[in-house]
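Numbered according to the working numbering, the sequence shown spans residues 450 to 825.
For reference, the structure is listed below as structure tokens.
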Amino acid sequence: MSRTEPAILTRVAGVDATLVRLPLAHRSRGAVQTRQEFSRHALVRVSDERGGTGWGEVPQADAERWRALLEDYAPALLGHSWHRPTDTEAAWAGLAWQPAVAAALDTACWDLWSRRRGTPLSHALGGERTAFTAGTTVRRQPSDESLVREVNRQVGAGFRRVRLEIGPGWDIDVVRTVQESFPFLVLQADAGGRYTEDPADLRALHALDDYGLAAIEEPFGAGGLAAHARLRRDLRTPVALSTSVDSLETLDRAIAMEAASALSLRPARLGGLTPARRAHDRAVDAGWAVWCGADAESGLGSAAIAALASLPGVTLPSEMPGAGGRFTRDTVRPSVRAHEGITPIPLTHPGLGYEIDWKQLRGLTVESVALGSVDD
Numbered sequence: 450m451s452r453t454e455p456a457i458l459t460r461v462a463g464v465d466a467t468l469v470r471l472p473l474a475h476r477s478r479g480a481v482q483t484r485q486e487f488s489r490h491a492l493v494r495v496s497d498e499r500g501g502t503g504w505g506e507v508p509q510a511d512a513e514r515w516r517a518l519l520e521d522y523a524p525a526l527l528g529h530s531w532h533r534p535t536d537t538e539a540a541w542a543g544l545a546w547q548p549a550v551a552a553a554l555d556t557a558c559w560d561l562w563s564r565r566r567g568t569p570l571s572h573a574l575g576g577e578r579t580a581f582t583a584g585t586t587v588r589r590q591p592s593d594e595s596l597v598r599e600v601n602r603q604v605g606a607g608f609r610r611v612r613l614e615i616g617p618g619w620d621i622d623v624v625r626t627v628q629e630s631f632p633f634l635v636l637q638a639d640a641g642g643r644y645t646e647d648p649a650d651l652r653a654l655h656a657l658d659d660y661g662l663a664a665i666e667e668p669f670g671a672g673g674l675a676a677h678a679r680l681r682r683d684l685r686t687p688v689a690l691s692t693s694v695d696s697l698e699t700l701d702r703a704i705a706m707e708a709a710s711a712l713s714l715r716p717a718r719l720g721g722l723t724p725a726r727r728a729h730d731r732a733v734d735a736g737w738a739v740w741c742g743a744d745a746e747s748g749l750g751s752a753a754i755a756a757l758a759s760l761p762g763v764t765l766p767s768e769m770p771g772a773g774g775r776f777t778r779d780t781v782r783p784s785v786r787a788h789e790g791i792t793p794i795p796l797t798h799p800g801l802g803y804e805i806d807w808k809q810l811r812g813l814t815v816e817s818v819a820l821g822s823v824d825d
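Right, dumping it as structure tokens:
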């Protein structure tokens with residue numbers, strides 16, 4: 450169908466924003482949890498004039514993101530007309546940039562558009578897979594014993610790729626301990642920008658080159674593309690970028706500088722599925738390996754990541770919630786999970802392929818704001 454055919458013109462008639470408080474499933478680091486911990490997320494529902502709806506999520510919705518959603522981004526999208534979801538970026542051009550907020554609305558528009566067409570979101574994005582290999586992350590633990598227990602818990606749930614959080618003083622021994630205990634496991638190291646080009650840090654990073662890691666992710670902080678490029682030239686292990694790639698322009702610079710050879714796609718960092726799909730194409734064209742990362746999304750955001758992971762260039766295991774999930778209660782059904790290390794991509798229902806659990810949503814809601822008219 451033509452991109453400009455009037456029959457597919459969509460006009461946004463309403464945006465419903467709901468702030469929820471989700472109870473975290475994990476325990477506090479190093480100790481049994483003594484109080485309930487929560488994470489605040491914003492769910493957005495975009496409706497068109499014909500009653501169609503689509504959903505998206507703002508993960509970790511602090512006061513700044515919530516304000517930007519209500520006061521800037523949602524009002525800018527109201528009344529906006531588009532033929533394809535890729536056209537919606539024009540609605541927030543010129544606003545103070547809040548990529549996670551833009552990502553939620555962009556995802557909702559993709560969901561709405563694919564539902565209107567009766568097609569799964571993965572197919573609308575150009576995805577080809579029916580399932581993908583999932584990986585999960587193990588955060589820093591207080592001891593080697595607790596580290597091995599936690600990795601064993603994830604292995605028992607079927608995961609065959611584990612991403613280990615590392616940092617100066619918590620790196621070589623961590624990788625060695627896990628590799629000796631689980632020699633069959635594919636390991637990645639998430640450095641989280643914690644290293645510098647200090648000689649001691651560089652020695653540690655070079656030592657990790659002997660362990661056959663699938664990737665060392667984000668060793669240096671934001672603005673460290675030159676340092677990443679120097680390290681990439683010195684290591685056999687792939688150097689990956691993730692949080693530092695906050696725009697397509699940054700990715701273009703990283704590719705030109707040969708700063709990495711792998712990319713973690715994070716829609717909430719880039720501004721949505723639209724720029725994430727473009728980033729996928731550019732990284733693949735540059736010969737980079739790609740996987741889909743996560744920013745502690747709930748089930749709704751994880752569903753969008755699952756659809757993105759269906760793209761043909763996503764060849765490394767993509768991030769999914771580990772054993773036990775991220776939250777003890779969520780707002781979608783069924784749960785977005787890996788089963789024996791494999792996450793199925795919904796193909797029998799249009800859009801995201803998951804439904805809102807209205808009973809759970811009502812019980813978790815802190816605040817709800819409707820702009821325009823969105824009917825239940």
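No residue lacks a Cβ here, since even glycine has one placed at the ideal position from N, Cα and C.
Smallest Cα separation from residue i: which of the options?
i	options	result
Ala787	Gly773, Pro508, Leu654 and Leu636	Gly773
Asp701	Ala717, Asp730, Pro591 and Val688	Asp730
His475	Ala675, Arg588, Arg727 and Leu657	Arg588
Leu674	Thr686, Leu757, Asp647 and Thr699	Thr699
Leu757	Gly790, Gly800 and Glu789	Gly800
Leu684	Pro668, Gly672 and Val694	Pro668
Leu574	Gly670, Gly567 and Trp559	Trp559
Ser693	Arg679, Gly802 and Ser713	Ser713
Gly750	Ala732, Val785, Phe633 and Gly584	Val785
Leu657	Gln628, Arg565, Gly672 and Leu634	Gln628
Glu513	Pro548, Ala678 and Val624	Pro548
Let's see if you can read the secondary structure: which residues bound the alpha helix (DSSP H) around residue i?
i	result
Pro648	Pro648 to Ala656
Val624	Ile621 to Ser630
Ile794	From DSSP, Ile794 is part of no alpha helix (DSSP H); its letter is neither H nor E.
Ala703	Leu697 to Met706
Thr723	Leu722 to Asp734
Val600	Asp593 to Gly605
Leu526	Ala523 to Leu526
Leu512	Sequence inspection shows Ala at residue 512; the Leu mentioned does not correspond to that position. It spans Ala512 to Ala517 - the alpha helix (DSSP H) in which Ala512 sits, taken as one unbroken run.
Leu458	Looking at the DSSP string, Leu458 is not in any alpha helix (DSSP H), and its letter there is neither H nor E.
Leu680	Leu674 to Asp683
If you check the beta carbons only, do residue i and residue j fall under 9 Å apart?
i	j	result
Thr467	Gly501	no
Leu554	Trp541	yes
Val818	Leu519	yes
Ser488	Arg775	yes
Gly720	Ser696	yes
Val464	Ala523	yes
Ala517	Val495	no
Thr579	Ile794	yes
Asp647	Glu666	no
His490	Leu471	yes
Ala738	Leu765	yes
Thr582	Thr792	yes
His529	Val461	yes
Val688	Ala705	no
Arg726	Ala708	no
Leu662	Thr686	yes
Ile621	Arg643	no
Arg769	Ala728	Residue 769 is actually Met in this sequence, not Arg. The answer is no: Cβ separation not under 9 Å.
Pro534	Thr777	no
Glu506	Glu746	yes
Gly821	Leu492	no
Since residue i is in the beta strand (DSSP E), which residue starts that stretch and which ends it?
i	result
Pro716	That residue, Pro716, is in no beta strand (DSSP E); its alpha helix (DSSP H) goes Pro716 to Leu719.
Trp740	Ala738 to Cys741
Thr814	Thr814 to Gly821
Thr556	It is not in any beta strand (DSSP E) - Thr556 instead sits in the alpha helix (DSSP H) that spans Pro548 to Arg566.
Glu667	From DSSP, Glu667 is part of no beta strand (DSSP E); its letter is neither H nor E.
Gly584	Ala580 to Val587
Leu613	Arg610 to Glu614
Leu570	Run containing Leu570: none in the beta strand (DSSP E); it sits in the alpha helix (DSSP H), Leu570 to Leu574.
Asp639	Val635 to Asp639
Could you check if residue i is buried or exposed, using at least 16 other CB atoms within 10 Å of its CB as the buried criterion?
i	result
Thr556	buried
Asp659	exposed
Ala545	exposed
Ala539	exposed
Trp807	exposed
Gln482	Since pLDDT at Gln482 reaches only 39, below the 50 mark, its modelled position is unreliable, and no value is offered.
Pro783	exposed
Phe608	buried
Arg478	In this prediction, Arg478 has a pLDDT of 47, which is less than 50 and means its spatial position is unreliable; what the coordinates show is noted afterwards. The residue is exposed, with fewer than 16 neighbouring Cβ atoms inside 10 Å.
Pro455	Reliability of the predicted coordinates at Pro455 is poor, the pLDDT of 43 falling under 50, and no value is obtained from them.
Ala480	Since pLDDT at Ala480 reaches only 37, below the 50 mark, its modelled position is unreliable, and no value is offered.
Arg484	With a pLDDT of 48 at Arg484, under the threshold of 50, the predicted position of this residue should be treated as unreliable, and no value is reported.
Gly812	exposed
Gly736	exposed
So what does residue i bridge to, in DSSP terms?
i	result
Gly505	Val493
Pro472	Phe487
Glu804	Arg782
Gly463	Ser496 and Gly821
Ala689	Glu666 and Ala711
Ser767	Ala583
Ser530	Arg460
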